[in-house]
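Before any comments, here is the structure.
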Amino acid sequence: MKKALIAAFAAAVALTGFVSASWAEGERYVLVSHAPDSDSWWNTIKNGIALAGEHVNVEVEYRNPPTGDIADMARIIEQAAASAPDGIITTLADFDVLKGPISDAVDQGIDVIIMNTGTPEQAREVGALMYVGQPEYDAGLAAGRRAKDEGVTKFLCVNHAIQQPTVGERCRGYADGLGIDLGDAMMDSGTDPAEIKNKVLAYLSANPDVDGILTLGPVSADPTIAALKENGMAGDIHFGTFDLGAEIVQAIKDGIINWGIDQQPFLQAYLPVVVLANYDRYGVLPGNNINSGPGFVTADGLEKVEQFAGEYR
Amino acid sequence: MSETAQVTDLSDERIKEMSALRRALIRPELGGMVGTVAVFTFFLLFAYDSGMFNAQGVLNWSIVSAQFMIIAVGACLLMIAGEFDLSVGSMIGFAGMMIAIFSVTLGWPTWLAIILSFAMCITIGAINGFIVIRTGLPSFIVTLASLFILRGFTIYFPQTIERKTIIGGIRDVAEGDWLAPIFGGKIGQPVFQWLGDVGVIDTFERGTRQGQPVVDGIPMLIVWAIVLVIFGHVLLTKTRFGNWIFAAGGDAQAARYVGVPVNRVKILMFMFTAFCATVFATCQVMEFGSAGADRGLLKEFEAIIAVVIGGALLTGGYGSVIGAALGALIFGVVQQGLFFAGVESSLFRVFLGVILLFAVILNTYIRRMITGER
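Sequences listed follow chains A and B, in order. Add 6 to the 1-based position in the first sequence for the numbering used here, that's all there is to it. Add 21 to the 1-based position in the second sequence for the numbering used here, that's all there is to it.
The structure is reproduced here in C-alpha cells:
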C-alpha cells in the first residue's frame, strides 16, 4: 500500500506538469464548444484560437463536454463564468439549455460572442455581442439551389448528428433549395464509419433513382466516399458536402465530390478572439454579425485548402 | 439475518481484538475518504484563486457531484445486491423525453407527466429485474439490451412526433405546477439574497437581474442527492432489508436457504435504480426546460465508476452508500476542477483513469484488511 501511495504521489506531481501557467497577465478568453472529444473537425477551432491567442497576445482556453452532452456543456459555461474570464466564446447548440447560463455570464459582466451554432437572433436574445458563423438553413438553401442547377432531382442527406437540430436545418434548406419535399431523404446515420458506409450502400441500392448526395461533415462524408467507391457510383452521382477535411479534399480532387461548403471554422475561432481583445483594449466593436461562410470549394484553387486541411481549413 | 446486526459482545473470544481507532478507520469508504482529501488538497493548491472556491464555483462542482450521487446511490445498492444496470444513461434520456412529450406535445399537466414518467421508468426497471431473475442471464447483457432499446425510442418518438430530437418549452408549461418545483426549484433564496447584499457572494453587475446574487439558492438537485444518500445509507446499514441486500449479492443461493427473498430484493433494487435515473432526468428537464435525445449518454459508466471509487465490489455483496457518494464527489470535483486548474480538457479521461485505478488498488487493500481474505 505504501508503494501505491508513493506512486500516486509521483503521478500527481507528474500531472501537475500539465497544469498550464494559466494565470499569466493579460486578457483570458474561454471557448466552450458542444463537440464530443471524438469530433476531429473541432481541431481547426482549437488551432484557430491558439493562433489568435498568439497573434494578439492573450490567453485562450478550449473547453468541451467529453461526450457531447449539452447539459454538461451548460455546466462548463457556468464553470467558465465562475472562473471570471474577460470573455466567453461559445456555441448555442441548444437554445433552451444554454440560454440561462449564457445570459447569467453576460449579466455578470462577461462579454460573450456566439460562434458556429445558433442564429443571430438567438445571439441577440442572450445578450451576446455578436454572432460569428454560417447560418445553417441559408447555407443549405444555397447548396440546394446550386445542386438544382447541376441537375439533382432526388437526394439523400446523410445526417451523422441527428440529435442536433441545427445541423438538420442544412438538410431542410437543401431540400427547399432543390424545391422538393424533404420526406425521408434525411438519414440518421450514427457516427460509426462502418455503419454509415453500409447504411449509405443499402439506401442507394434500395433507391436507385437518387442522383444527389449531401453529407453534413467529414464524419458522414468520409464513409460515404468509401461507399461510392465500393458500389461504383463515385464520380457518377452528384455529391456535395458540408465542411472540409483531408479525405474530402482528396475526393474533390478526384472528382468524386463536386463541391465542399466551407464554413471556415478558422475564422469562427480566430475572429471572436481578435474582436474581444480589441473591444477590451480599445472599445472598438464591428457593427454587425460576421458570416464566416458559406464558401464553395471546388477542384479549382484547392492548393491552400489542401495544404492546411484539418489544421486551419 | 432476521434481525438487524446485533452489537456483539466485545469479550467474545471468537472475535479478534481490534483497537477502536483501527475499527473506525478500516471501513469500505476509507478509500473514498482518502481520495476526497487528496483531490481537495490538489485543487486547493493548484486552483485556489481560479474561482473554484467562491460561491459560484462551489455550486458548480456541487451540482455536478450531486448529479453523479443521485445515480450512484441506485447503482451502488444494485451492485451490492449483485447486479448491474447499464441502462441508467438511456433511462435518463428516455424519462426526460417522456416528460417532454406528455407535458409539451400532449399538453397534459406537468405533475401528471412527471408521475407517469416515474411509473413507466420504474416499471421498465422492474421488467429488467424480472428478466434477469427469470432467465438467469447476466444483468450486464439484459440491461445492455435496455440501453439500446430505450435510447432508440428516445430518438424515435420525438423524431416521429415533432420532426426534431430536442423538445423545448417545458419551463413554460411547468409554470405554476405544484410538483415541478420539487425537482427544478431552489431553496434558501432569502439567505443567499442576504449573503449577496452583505457582499459575501458576488452580485450581477448588469441586466435584468442586477443586484441579485450570482448564486441565488440551493437547487433541489442537491437536496435530492443528500436525501437519497441518507436514505440509501440508512436502508443499507440500519435495516433488515439492508442485510438482505448484502446477502443477495454475497451468495444468492446461501441467502435463499436462510429465507432471504432474493428475487424480490433484486427486482426492488432494479426499480430503485430506475427511480434514481428518473429523479436525475426530471431535475435536468425542469432546470433546463428541454429534453434531448442525447441526454445521459455514458452516465451508466459514470455511476459505476463513482460506486467503484467508493469501495464497492463489482461482484456484489460488499460496498457502502457513503463511499459511493464520496466517489461521486471525487468524480464531480475532478471533472470541473480540471477546467478551473486550466488543464487541457482532453486530459480529463487520463485523470479519470488514473484515479479509478488507484482507488481500486487502494480499496482492494482495505477490503483485504476488513475481510481477512488473501
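Heads up, the beta-carbon is just placed ideally off N, CA and C, and yes, glycines get one too. What you are looking at is a predicted structure, and each value in this text was computed from that prediction instead of being measured.
query	result
Identity of the residue in A:Ile51, A:Tyr288, A:Gly246, A:Ala283 nearest A:Asn70 by Cα	A:Ile51
Segment limits, beta strand (DSSP E) that includes B:Met73	That residue, B:Met73, is in no beta strand (DSSP E); it is neither H nor E in DSSP.
Near-chain A residues of the region 185-212 of chain B - C-beta to any C-beta below 7 Å	Lys185, Thr186, Ile187, Gly189
A:Ile108 vs A:Gly139 beta-carbon contact at 9 Å	no
Any C-beta of chain A under 9 Å from that of B:Gly13	Residue 13 of chain B is absent from the structure shown; chain B starts at 22 and stops at 395.
Cβ neighbours of B:Leu168 in the same chain (closer than 6 Å, five flanking residues each side left out)	Leu107, Ser108, Ser111
Neighbourhood of B:Ala96 by C-beta distance below 7 Å, restricted to the same chain and skipping five residues each side	Asp106, Val109, Thr294, Ala324, Ile325, Val328
Reference A:Gly157; option with closest CA among A:Asp217, A:Gln170, A:Cys163, A:Ile254	A:Asp217
Closer than 9 Å to chain A by CB, B:Ala314	yes
Which of helix, strand or coil DSSP assigns to A:Asp75	coil
Contact set for B:Leu216: own chain, Cβ-Cβ below 7 Å, skip 5 residues either direction	Ile222, Pro234
Which residues DSSP lists as bridging A:Asp113, in chain order	None; A:Asp113 has no bridge partner.
Min CB distance A:Pro72 to chain B below 9 Å	yes
Residues of its chain near B:Gly205, where Cβ-Cβ distance is below 6 Å and the 5 sequence neighbours each way are ignored	Met307, Glu308
Residues sharing a beta bridge with A:Asp260, DSSP	Beta-bridge pairing links A:Asp260 to no other residue.
Cut-off 6 Å between Cβ atoms - residues of its own chain near A:Asp228, not counting five sequence neighbours on either side	Glu253
CB-CB length for B:Ala93 against B:Gly263, believed under 8 Å	About 17 Å separates the two Cβ atoms, so there is no contact after all.
Short CB-CB distance (under 9 Å) between B:Phe115 and chain A	no
Residue of B:Phe352, B:Asn284, B:Thr175, B:Gln214 minimising C-alpha distance to B:Gly56	B:Phe352
Residue closest to A:Gly59, alpha-carbon to alpha-carbon, out of A:Gly293, A:Leu282, A:Pro292	A:Leu282
Contacts that B:Gln77 makes with chain A (C-beta to C-beta distance below 8 Å)	Glu84, Ala87, Ala88
Cβ separation of B:Gly270 and B:Gly157, assumed to be a contact under 8 Å, to the nearest whole Å	Not really, about 16 Å apart at Cβ, beyond 8 Å.
Min CB distance B:Asn81 to chain A below 9 Å	yes
Any C-beta of chain B under 9 Å from that of A:Phe101	yes
Cutoff 9 Å: A:Gly174 Cβ touching any chain B Cβ	yes
Cβ pair B:Phe291, B:Lys320 closer than 9 Å	no
Own chain, CB closer than 6 Å to B:Phe361, minus 5 neighbours either side, in chain order	Ala68, Ser71, Met73
Contact list for the region 114-140 of chain A against chain B, Cβ threshold 7 Å	Gln114, Gly115, Gly133
9 Å Cβ cutoff, A:Ser28 in contact with chain B	With a pLDDT of 41 at A:Ser28, under the threshold of 50, the modelled position of this residue cannot be trusted; read the value that follows with caution. At least one chain B Cβ lies under 9 Å of A:Ser28.
Reduced DSSP secondary structure (H/G/I, E/B, other) of B:Tyr339	coil
Listed by chain order, chain D residues near A:Ala80 by CB distance under 8 Å	This model lacks chain D altogether, as its protein chains are A and B.
At least three beta-carbon pairs within less than 8 Å, the region 234-245 of chain B to the region 72-89 of chain B	yes
Among B:Gly344, B:Gly238, B:Ile387, B:Val375, nearest to B:Met54 - alpha-carbon criterion	B:Gly344
Residue range of the unbroken alpha helix (DSSP H) whose run includes B:Trp132	131-156
Closest Cα partner of A:Ala99 within the set B:Asp193, B:Ile91, B:Asp315, B:Gly150	B:Asp315
Local conformation of A:Leu61 per DSSP, three classes	It should be pointed out that residue 61 of chain A corresponds to His in this sequence rather than to Leu. If DSSP states are grouped into helix, strand and coil, A:His61 belongs with the helices.
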